[in-house]
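Visitor: Structure incoming, see below.
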């Protein structure tokens, strides 16, 4: 390669990098990085997610068959593509959800630091920011989560369009848009947010605890290893597992509320979150509140690992500064604009 060609190549790369660094706002970079990370991670663990939903919702033909038995049954009835049934809706949800979640967390964190400059940068800050970010992401993307669950709950026979295990009175959905339209026509906007109560009850502590545990564990990591991606993945995986274990029963309640209209076994569960929780324990036993948890453990570790890795790579490529580096200019700029008001606060 000649010097002139190398110069043109470097100039082109420099121009692209300059465009990314100069014209793309920080918020957009965080949205892009989070969305891509979420989509890749979710698709990777889709088979485990499908089986987990079938366990959680007590699908009759998937009870007492175990993990391997469930895999065999899906292959026999739906083929390999059956593992990804509902994944289109899952990715359609997780991309905006992850994008909003990461971006909102970073933004809430900056706002708190900006509003309260003297606040410590400890785990409590991450607990509050993470909880608020999780709630924000859920509110904007919940209908897609509802659709994902309904599609994953259906078991399609070998012949296209033949749904197994659904009575004549139960609704069958052909895809994401079909499910959204049918749900809205039947129950209105309220139908698209069925089960959002336990979702919010669960996401507030889970999202907050996940960031809390992650940051708390990182505080005990030697400074020279804090940028090690392996350490980040280990901390994130443990944090995800702890957060999931504490809030998992609410996830089971949410799933059963979401598929109530599809499953004849769940009729009469048109109740609030607490009442539904009590009903599940009474009729199905307390173990049902943790049904699918072992599968969830299996999927959380690779999901978190892949999510953190992709997010880290994307942030590096998009030149996203660290949280404290991003917050510092905002605090400095605000301080220079309104020094008196910040001192009084």
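Residue numbers (the working numbering): -10 to 334.
All C-beta atoms in this analysis are idealised placements derived from N, C-alpha and C, irrespective of residue type, glycine included.
Fair warning: this is a prediction, and the values are worked out from it, not measured in the lab.
Would a C-beta distance cut-off of 7 Å place residue 31 and residue 102 closer than the cut-off?
Guide: Locating residue 31 in the chain shown gives position 42, counting from the first residue. Locating residue 102 in the chain shown gives position 113, counting from the first residue. Not in contact: residue 31 and residue 102 (Cβ atoms no closer than 7 Å).
Visitor: Return the chain-ordered list of same chain residues with a C-beta closer than 6 Å to the C-beta of residue 309, the five sequence neighbours on each side being excluded.
Guide: By one-based count along the chain shown, residue 309 stands at place 320. Cβ neighbours of residue 309 beyond the five flanking positions: 18.
Visitor: Quick one, are the C-beta atoms of residue 221 and residue 34 less than 7 Å apart?
Guide: Residue mapping note: residue 221 aligns to position 232 of the chain shown, counting from 1. Residue mapping note: residue 34 aligns to position 45 of the chain shown, counting from 1. Against a cut-off of 7 Å, the Cβ pair of residue 34 and residue 221 comes out as no contact.
Visitor: Ignore the nearest five residues each way along the sequence and tell me which others in residue 206's own chain have a CB closer than 8 Å to its CB.
Guide: On the chain shown, residue 206 is found 217 positions in, with the first residue counted as 1. If we look at residue 206 and ignore the five residues flanking it on each side, its Cβ neighbours are 224, 227 and 228.
Visitor: Does the distance from the C-beta atom of residue 284 to that of residue 40 stay below 7 Å?
Guide: To locate residue 284, count along the chain shown from 1; it is residue 295. To locate residue 40, count along the chain shown from 1; it is residue 51. A contact, by the Cβ cut-off of 7 Å.
Visitor: Would DSSP call residue 38 helix, strand or coil?
Guide: Residue 38 sits at position 49 when you count from the first residue of the chain shown. In this structure, residue 38 counts as helix in the three-state DSSP scheme.
Visitor: So, residue 278 versus residue 241, is the Cβ gap smaller than 7 Å?
Guide: Translated into positions along the chain shown, residue 278 becomes position 289. Translated into positions along the chain shown, residue 241 becomes position 252. The answer is yes: Cβ separation under 7 Å.
Visitor: When burial is assigned at 16 or more other CB atoms within 10 Å of the CB, is residue 74 buried or exposed?
Guide: As a first step, residue 74 is located in the chain shown; it is residue number 85 there, counting from the start. Its Cβ being crowded by 16 or more others within 10 Å, residue 74 is buried.
Visitor: Taking a contact to mean a Cβ-Cβ separation below 7 Å, would you say residue 232 touches residue 178 in this structure?
Guide: Residue mapping note: residue 232 aligns to position 243 of the chain shown, counting from 1. Residue mapping note: residue 178 aligns to position 189 of the chain shown, counting from 1. No. Outside cutoff.
Visitor: Could you give the first and the last residue of the continuous alpha helix (DSSP H) run that contains residue 286?
Guide: Translated into the one-based positions of the chain shown, residue 286 becomes position 297. 282 to 306 is the span of the alpha helix (DSSP H), which, as asked, contains residue 286.
Visitor: Measuring CB atoms only, is the region 167 to 185 touching the region 88 to 95, in the sense that at least three cross pairs come out at less than 8 Å?
Guide: The region 167 to 185 vs the region 88 to 95: no contact.
Visitor: Is residue 208 helix, strand or coil by DSSP?
Guide: Start at 1 with the first residue of the chain shown, and residue 208 comes out as number 219. It is coil, neither helix nor strand.
Visitor: Take residue 185 and list the residues in its own chain whose beta-carbon comes closer than 6 Å to its own, dropping the five residues that flank it on each side.
Guide: Translated into the one-based positions of the chain shown, residue 185 becomes position 196. Answer for residue 185: 131, listed in chain order.
Visitor: Below 7 Å between beta carbons: does that hold for residue 274 and residue 44?
Guide: Here residue 274 refers to the residue found at position 285 of the chain shown. Here residue 44 refers to the residue found at position 55 of the chain shown. In this structure, residue 44 does not lie closer than 7 Å to residue 274 by Cβ.
Visitor: Could you tell me which of 172, 211 and 243 sits nearest to residue 190, measuring between CA atoms?
Guide: Here residue 190 refers to the residue found at position 201 of the chain shown. The candidate whose alpha carbon is nearest that of residue 190 is 243.
Visitor: Going by the beta-carbon positions, is the gap between residue 142 and residue 64 smaller than 7 Å?
Guide: Residue 142 sits at position 153 when you count from the first residue of the chain shown. Residue 64 sits at position 75 when you count from the first residue of the chain shown. No, the pair does not count as a contact, with Cβ atoms beyond the cut-off.
Visitor: With residue 187 and residue 268 assumed to form a contact (beta carbons below 8 Å), what rounded beta-carbon distance in angstroms separates them?
Guide: The count along the chain shown starts at 1 and reaches residue 187 at position 198. The count along the chain shown starts at 1 and reaches residue 268 at position 279. With 8 Å as the limit, residue 187 and residue 268 do not qualify as a contact, their Cβ atoms being about 13 Å apart.
Visitor: Please classify residue 106: does DSSP put it in a helix, a strand, or coil?
Guide: The residue given as residue 106 occupies position 117 in the chain shown. Three-state result, residue 106: coil.
Visitor: With the cut-off set at 7 Å, would you say residue 118 and residue 98 are in Cβ contact?
Guide: Along the chain shown, read from residue 1 onward, the residue named residue 118 stands at position 129. Along the chain shown, read from residue 1 onward, the residue named residue 98 stands at position 109. In this structure, residue 98 lies closer than 7 Å to residue 118 by Cβ.
Visitor: Rounded to whole angstroms, what is the Cα-Cα separation between residue 37 and residue 294?
Guide: As a working note, residue 37 is residue 48 in the chain shown. As a working note, residue 294 is residue 305 in the chain shown. Straight-line Cα distance between these residues: approximately 15 Å.
Visitor: May I have the straight-line CA-CA distance separating residue 149 from residue 81, to the nearest angstrom?
Guide: Taking the first residue of the chain shown as position 1, residue 149 is located at position 160. Taking the first residue of the chain shown as position 1, residue 81 is located at position 92. Because residue 149 sits at a pLDDT of 47, beneath the cut-off of 50, its placement in the model cannot be relied upon, and the following sentence gives the value as read from the coordinates. Rounded to the nearest angstrom, the two C-alpha atoms are 23 Å apart.
Visitor: Run through DSSP, which three-state label would residue 274 get?
Guide: As a working mapping, residue 274 is identified with position 285 in the chain shown. Three-state result, residue 274: coil.
Visitor: Is it buried or exposed for residue 271, if we count other Cβ within 10 angstroms and need 16 for buried?
Guide: Numbered from its first residue, the chain shown carries residue 271 at position 282. Exposed: under 16 other Cβ atoms inside 10 Å.
Visitor: Can you grab the Cα-Cα spacing for the pair residue 113 / residue 135, in whole Å?
Guide: For the purposes of this step, residue 113 is identified with residue 124 of the chain shown, where counting begins at 1. For the purposes of this step, residue 135 is identified with residue 146 of the chain shown, where counting begins at 1. Rounded to the nearest angstrom, the two C-alpha atoms are 31 Å apart.
Visitor: Closer than 6 Å by C-beta to residue 201: which residues in its own chain qualify, once you throw out the five before and the five after it? Chain order, please.
Guide: As a position in the chain shown, residue 201 is number 212, starting the count at 1. Cβ within range, chain order: 112, 115 and 116.
Visitor: Which ranges does the alpha helix (DSSP H) cover as unbroken runs of at least 4 residues, wholly within the region 57 to 113, from first to last along the chain?
Guide: Here the runs fully enclosed are 76 to 104.
Visitor: For residue 298 and residue 218, what's the separation of their Cα atoms in angstroms?
Guide: To locate residue 298, count along the chain shown from 1; it is residue 309. To locate residue 218, count along the chain shown from 1; it is residue 229. Between residue 298 and residue 218, the C-alpha separation is close to 7 Å.
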